[in-house]
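A short write-up of the structure that comes next.
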Amino acid sequence: MAGGIAAVVVLAALIVLAFLNGQLLVDIILVITALVSLTAFALLGYAALQIVALVKEVRGEIHTLMGTAQETMAEVQGTARFVNSTVVSPVAHAAGWVSAARAALKSFTEPLYKRKS
């Protein structure tokens with residue numbers, strides 16, 4: 534409520550001042566506009582500096598993340614090599630031997646020719 538009353542009083546004072554001395558009112562408005570413009574420009578510069586600082590911080594975090602990801606990838610590759618050498622290769626060799634044994638057994642037990650009926 535008090536803010537509204539103050540605004541009405543200021544508006545009334547500006548109207549009276551405009552009637553008494555119009556050029557003075559224009560000068561006051563120009564000075565106020567310049568001050569607001571300078572303040573806005575300063576705040577914009579501050580925001581730009583904050584954005585630059587944020588970008589630097591994010592870059593640092595990305596480098597840390599990339600290092601961690603590379604370490605994890607190296608561990609996964611080592612695990613894959615270990616599993617390949619200790620599990621996959623022996624199983625593949627055993628499967629090959631079983632297949633060869635089956636083929637050899639089949640070749641000895643099947644008749645050379647089958648009678649056509």
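Each residue of the sequence shown is one higher than the one before, counting from 534 in the working numbering. Glycine residues also receive a C-beta, built at the ideal position from the N, C-alpha and C atoms. Because the structure is a prediction, the values reported are computed rather than measured.
Q.
By the three-class DSSP mapping on this structure, what secondary structure does residue 599 have?
A. Helix at residue 599.
Q: Only counting runs of 4 or more residues, tell me where the alpha helix (DSSP H) segments fall wholly within the segment 571 to 645, in order along the chain.
A: 622 to 642
Q.
Less than 8 angstroms between the C-beta atoms of residue 558 and residue 567, yes or no?
A. no
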